[in-house]
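**Q** Got a structure for you, questions after.
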Amino acid sequence: MDEVAITPEPIRKRARISNDKCKARTVDPAAGIMSLPVEIIYEIFAYLSCKDLYAISLVSTLFNRVATDPFLWRTYEVTNNKKNTDTVIRELKRMSLLKKFSISIRADCDDILRQLSLSNKRLEELHISNCTGSTSKLYLRSIYLIRILERCRNLHTLNILGSRVRGQKIYRLLANKGPRLRSVYAPATRSQFCTFIKHVSQISETDRETIYSMNVRVRKSWSPLYYFVTKRADHVSTALISYLHNDILLIDSNRPIHKLSITERRDT
1 MDEVAITPEP IRKRARISND KCKARTVDPA AGIMSLPVEI IYEIFAYLSC
51 KDLYAISLVS TLFNRVATDP FLWRTYEVTN NKKNTDTVIR ELKRMSLLKK
101 FSISIRADCD DILRQLSLSN KRLEELHISN CTGSTSKLYL RSIYLIRILE
151 RCRNLHTLNI LGSRVRGQKI YRLLANKGPR LRSVYAPATR SQFCTFIKHV
201 SQISETDRET IYSMNVRVRK SWSPLYYFVT KRADHVSTAL ISYLHNDILL
251 IDSNRPIHKL SITERRDT
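Residue numbers for the sequence shown follow the UniProt record's numbering, so the first one is 1 and each next one is one higher.
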């Protein structure tokens with residue numbers, strides 16, 4: 001029998017990859033994000049809160065430039081005295097596209113509202129809570145709120161809680177906004193409330209006299225004025241005006257012809 005020659009198979013050696021090469025393949029997450037187009041970074045940052053934008057602005061020069069861009073700052077909230085007045089004013093100056101501003105528990109509200117009237121004319125919502133002005137512990141200076149109402153043409157919501165304002169002009173300017181006005185919550189005297197009712201175009205003269213007579217014996221010097229508008233799917237608007245114990249309902253408030261309903265609430 002012929003002998004069969006057996007050729008031994010070559011031994012395959014396993015390739016060894018050094019730790020250095022493994023490390024070289026590790027991708028730095030920050031470097032990966034920075035390699036994205038700036039437009040994509042803007043879209044990502046748009047989902048971040050104000051607090052997160054402040055934090056990420058410290059990562060790099062690029063992130064700082066993107067995170068401080070007015071495009072991302074449509075909402076801004078100032079609470080307590082975590083930031084001094086100069087810092088808040090400086091930030092408001094760069095937020096030219098600001099739409100919603102909230103301020104609470106601040107003693108420099110007048111100074112901040114003044115700056116708001118100068119640099120943030122696209123404002124749509126203003127919320128003031130438990131703030132004091134520069135001249136009084138309770139009253140805010142009316143002039144700065146008046147300027148905001150005159151210059152911020154898109155403003156549709158004003159909430160004032162825990163503070164008061166003097167004069168009638170603010171309430172006249174609010175009423176003159178007509179269908180653009182969506183929500184108001186503010187303390188008002190009887191004369192301020194009557195000024196608001198007088199200039200609301202959706203209320204007829206006869207209905208105004210009825211409303212005035214219902215509040216002729218008001219004893220409280222200040223009471224909350226509440227105004228809120230809702231829109232149904234059929235585009236019919238309903239406006240609710242509430243003052244003291246009276247609820248005034250305007251149905252289809254966008255049109256000259258509407259239905260008015262007045263309900264007196266009684267305490268139980």
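All C-beta atoms, glycine included, are put in the ideal place defined by N, C-alpha and C.
Please read all numbers here as calculations on a predicted model, not as lab measurements.
Below 8 Å on the Cβ atoms is my guess for T79 versus S104; work out the distance and round it to an integer in Å.
**A** Looking up residue 79 in the sequence shown gives position 79. Looking up residue 104 in the sequence shown gives position 104. T79 to S104, Cβ: 5 Å. Contact.
**Q** Across which residues does DSSP place L127 in a beta bridge pair?
**A** Residue numbering aside, residue 127 sits at position 127 when the sequence shown is read from its first letter. According to the sequence displayed, residue 127 carries His and not Leu. Paired residue(s): S102, N159.
**Q** Determine the direct distance from the alpha carbon of S35 to that of S180, and round the result to whole angstroms.
**A** Taking the first residue of the sequence shown as 1, we reach residue 180 at position 180. Taking the first residue of the sequence shown as 1, we reach residue 35 at position 35. Here residue 180 is Arg; the residue named in the question, Ser, does not match the sequence. So the two alpha carbons sit approximately 44 Å from each other.
**Q** Determine the contact status of E77 and K99, defining contact as a CB-CB distance below 7 Å.
**A** Taking the first residue of the sequence shown as 1, we reach residue 77 at position 77. Taking the first residue of the sequence shown as 1, we reach residue 99 at position 99. The answer is no: Cβ separation not under 7 Å.
**Q** Can you check the UniProt domain "F-box" (30 to 76) for any alpha helix (DSSP H) of at least 4 residues that lies completely inside it and give the ranges in chain order?
**A** The qualifying runs are 38 to 45, 50 to 56, 61 to 67.
**Q** Using the three-state DSSP reduction, which class does R182 fall into: helix, strand or coil?
**A** Position 182 of the sequence shown, counted from the first residue, corresponds to residue 182. R182 falls in the coil class under three-state DSSP.
**Q** Any chance the region 65 to 74 sits against the region 33 to 48, with 3 or more Cβ pairs inside 8 Å?
**A** Result yes; three or more Cβ-Cβ pairs closer than 8 Å.
**Q** What span of residues does the alpha helix (DSSP H) with K169 cover, start to end?
**A** In the sequence shown, the residue the question calls residue 169 occupies position 169. From DSSP, the alpha helix (DSSP H) with K169 extends over 169 to 176.
**Q** Where do the N-terminal and C-terminal ends of the alpha helix (DSSP H) with L92 fall, by residue?
**A** Along the sequence shown, one-based indexing puts residue 92 at 92. Taken as a continuous stretch (DSSP letters only), the alpha helix (DSSP H) holding L92 covers 85 to 94.
**Q** Within 8 Å, do at least three Cβ pairs link the region 221 to 235 to the region 201 to 210?
**A** The region 201 to 210 vs the region 221 to 235: no contact.
**Q** Compare the C-beta of Y227 with all C-beta atoms of chain B and state if any pair is closer than 7 Å.
**A** The displayed structure is made up of one protein chain only, and chain B is not part of it.
**Q** For the putative contact between T238 and L225, defined by C-beta atoms under 8 Å, what is the C-beta separation to the nearest angstrom?
**A** For this step, residue 238 is matched to residue 238 along the sequence shown. For this step, residue 225 is matched to residue 225 along the sequence shown. With 8 Å as the limit, T238 and L225 do not qualify as a contact, their Cβ atoms being about 18 Å apart.
**Q** Give me the residue from F63, W222, S49 with the minimum Cα distance to P37.
**A** Counting from 1 along the sequence shown, the entry for residue 37 is found at position 37. For P37, the nearest C-alpha among the options comes from F63.
**Q** Alpha carbon to alpha carbon, how far is F140 from Y185?
**A** Start at 1 with the first residue of the sequence shown, and residue 140 comes out as number 140. Start at 1 with the first residue of the sequence shown, and residue 185 comes out as number 185. The sequence shown places Leu at residue 140, rather than the Phe named in the question. Approximately 15 Å between the Cα atoms of the pair.
**Q** Is the beta carbon of G162 closer than 7 Å to that of N120?
**A** One-based indexing of the sequence shown puts residue 120 at position 120. One-based indexing of the sequence shown puts residue 162 at position 162. No; because the gap between Cβ atoms is not below 7 Å, this pair is not in contact.
**Q** Quick test of your reading: L118 and L149, contact by CB under 8 Å. State the CB separation rounded to the nearest angstrom.
**A** As a position in the sequence shown, residue 118 is number 118, starting the count at 1. As a position in the sequence shown, residue 149 is number 149, starting the count at 1. The pair is not a contact, with the Cβ atoms about 14 Å apart (cut-off 8 Å).
**Q** To which residues does DSSP link R164 through a beta bridge?
**A** Numbered from 1 along the sequence shown, position 164 holds the residue referred to as residue 164. Paired residues: Y139.
**Q** Tell me which residues share the same chain as S191 and place their Cβ nearer than 6 Å to its Cβ, disregarding the 5 neighbours each side in the sequence.
**A** Sequence index remark: in the sequence shown, residue 191 carries index 191 (1-based). Hits under 6 Å: none found.
**Q** With a threshold of 7 Å on Cβ separation, who are the neighbours of R151 within its own chain once the five nearest residues in sequence on each side are excluded?
**A** In the sequence shown, counting from the first residue as 1, residue 151 sits at position 151. Result list for R151: S117, K121, in chain order.
**Q** Nearest-angstrom Cα distance between R114 and I143?
**A** Locating residue 114 in the sequence shown gives position 114, counting from the first residue. Locating residue 143 in the sequence shown gives position 143, counting from the first residue. Approximately 9 Å, taken between the alpha carbons.
**Q** Here's a check: name, in chain order, each residue in its chain whose Cβ is nearer than 6 Å to the Cβ of T195, leaving out the five neighbours to either side.
**A** Start at 1 with the first residue of the sequence shown, and residue 195 comes out as number 195. So the qualifying residues of the chain are Q168, Y171, R172.
**Q** Within the same chain, show all residues whose beta-carbon is closer than 6 Å to that of H127, passing over the 5 residues directly before and after it, in chain order.
**A** One-based indexing of the sequence shown puts residue 127 at position 127. For H127, where only same-chain residues beyond five positions count, the Cβ hits under 6 Å are S102, N159.
**Q** Specify the secondary structure class of L149 as computed by DSSP and reduced to three states.
**A** For the purposes of this step, residue 149 is taken as the residue at position 149 of the sequence shown. If DSSP states are grouped into helix, strand and coil, L149 belongs with the helices.
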